[in-house]
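To convert, note that position 258 of the sequence shown is 315 in the working numbering; the numbers rise steadily by one, no gaps. Since the structure comes first, as structure tokens, the remarks are kept for the end.
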Amino acid sequence: MYHALHTEVAHDENDYVTIDYGASPNKIIATLTERGIIQSPRATKLYLRFINRSVTLQAGDYVFPSPVSPLGVIDILGQGRKRTENLTILEGWTRFEIAEAIAKKFPDETAADPAAVLELMNDATLIRDLDPKATSLEGYLYPDTYAIEVGSSPREVIRRLVRQFREVWQPAWNDRARELGRSPREILIIASLIENESKVDRERPAVASVIYNRLRQQMPLGIDATNVYLAKMLGRWDGILHRSDLEIDHPYNTRKVRGLPPGPISSPSKSSIEAALYPAETDYLYYVLNVDTGDGTHHFYATEEGFFRGKARYQQWLREQ
Numbered sequence: 058m059y060h061a062l063h064t065e066v067a068h069d070e071n072d073y074v075t076i077d078y079g080a081s082p083n084k085i086i087a088t089l090t091e092r093g094i095i096q097s098p099r100a101t102k103l104y105l106r107f108i109n110r111s112v113t114l115q116a117g118d119y120v121f122p123s124p125v126s127p128l129g130v131i132d133i134l135g136q137g138r139k140r141t142e143n144l145t146i147l148e149g150w151t152r153f154e155i156a157e158a159i160a161k162k163f164p165d166e167t168a169a170d171p172a173a174v175l176e177l178m179n180d181a182t183l184i185r186d187l188d189p190k191a192t193s194l195e196g197y198l199y200p201d202t203y204a205i206e207v208g209s210s211p212r213e214v215i216r217r218l219v220r221q222f223r224e225v226w227q228p229a230w231n232d233r234a235r236e237l238g239r240s241p242r243e244i245l246i247i248a249s250l251i252e253n254e255s256k257v258d259r260e261r262p263a264v265a266s267v268i269y270n271r272l273r274q275q276m277p278l279g280i281d282a283t284n285v286y287l288a289k290m291l292g293r294w295d296g297i298l299h300r301s302d303l304e305i306d307h308p309y310n311t312r313k314v315r316g317l318p319p320g321p322i323s324s325p326s327k328s329s330i331e332a333a334l335y336p337a338e339t340d341y342l343y344y345v346l347n348v349d350t351g352d353g354t355h356h357f358y359a360t361e362e363g364f365f366r367g368k369a370r371y372q373q374w375l376r377e378q
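Put into structure tokens, the structure is as follows:
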């Protein structure tokens, strides 16, 4: 019996096996024997009946490794591993894109479309202790790839994303924010700007320095990603940033308004948050995409003259495309 219970045996069952609620141990063993996963059913039944009567075999959808022993199967069923669906939230996504992704994979009767999921995200109760001024969960839906249990509701998925943000955010960052004269909310806003402006980790502190330097000099940030976000908020985003989008009188229009926008404009990565907390020490006020390397990096400038030269080079490159 010892040998039968501990011996790992290969099987060719790669699909999910459903264990129904209320199924008896004998019924479960019969199902797994029929699928070739358990090949010593008698020893397994005796083990559950006389040796380990306390274990509860939990219902759910399972994929069993191959090879696997009967004791390995019992361990898996005892832990209750459930069928999951991967959900990827990309760095820099707004709550609008996140709502679409959640509605596509985890719709339910309470939130069956992106608009309904977005409405759930407009309830900032989940983060009230973190950000009393928040009017939505924007910025707090942490970008990552999640294994979400099949059948989860959109509300449960949203809670998972916020919980991950809490795990990533370090208490020491609150102290660092105070050292910079900023609130954690302002750090998150700056991080979301950095996330949209640079996808290269190593240059994000330099981008952060430009933002801080322009704030100190009372210069408009001029970050067009805020105008894109504004267009999405107003329901007028069609994939193109129009001149009319740049002329709107609105706190999110950082071409017109000095200071930070009212809230985060996306879900920033840990790298962008760290850049917002630890900006490089520079005198940069401008940056332009580096078209020579094609790697997404930027040229940085401390003077308007240098910026105009870099901008002219960039515009020439655009005309040549």
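Using N, Cα and C, we set each Cβ at its ideal position, and we do this for glycine too.
Asked                                                                                                                           : Found
Delimiting residues of the beta strand (DSSP E) encompassing residue 141                                                        : 141-145
Residue 143 versus residue 362: straight-line alpha-carbon distance, rounded                                                    : 49 Å
Range of the contiguous beta strand (DSSP E) that encloses residue 118                                                          : 117-119
Option nearest residue 369 by Cα separation, candidates 168, 344, 153                                                           : 344
Beta-carbon proximity check, residue 200 vs residue 147, cutoff 8 Å                                                             : yes
Collapsed DSSP secondary structure at residue 435 in the structure displayed                                                    : No answer is possible for residue 435: the residues shown for the chain start at 58 and end at 378.
Rounded Cβ spacing between residue 151 and residue 289 (contact assumed at less than 8 Å)                                       : 6 Å
Element boundaries [beta strand (DSSP E), containing residue 355]                                                               : 355-358
Counterpart residues of residue 165 in DSSP-defined beta bridges                                                                : 168
Residue 323 versus residue 250 - alpha carbon distance                                                                          : 8 Å
Segment contact flag, the segment 174-188 with the segment 197-211, C-beta cutoff 8 Å, min 3 pairs                              : yes
N- and C-terminal bounds of the beta strand (DSSP E) containing residue 76                                                      : 74-76
Any alpha helix (DSSP H) of 4 or more consecutive residues that is wholly inside the segment 84-130                             : 98-103
Candidates 291, 307, 336, 192, of which the one nearest residue 260 by Cα                                                       : 336
Cβ pair count under 8 Å reaching 3, the segment 271-285 against the segment 304-322                                             : yes
Beta strand (DSSP E) runs contained entirely in the segment 201-250, provided each spans 3 or more residues                     : 202-206
Reduced DSSP category for residue 269 - H, G, I as helix; E, B as strand; rest coil                                             : helix
Cut-off 7 Å between Cβ atoms - residues of its own chain near residue 271, not counting five sequence neighbours on either side : 278, 342
Which listed residue (166, 185, 160, 187) has its alpha carbon closest to that of residue 174                                   : 160
Alpha carbon of residue 374 to alpha carbon of residue 252, nearest angstrom                                                    : 24 Å
Three-state secondary structure (DSSP) of residue 194                                                                           : coil
Limits of the unbroken beta strand (DSSP E) element including residue 346                                                       : 343-346
Given residue 329 as reference, the closest of 309, 346, 266 once Cα atoms are compared                                         : 266
Opening and closing residue of the alpha helix (DSSP H) in which residue 284 lies                                               : 281-290
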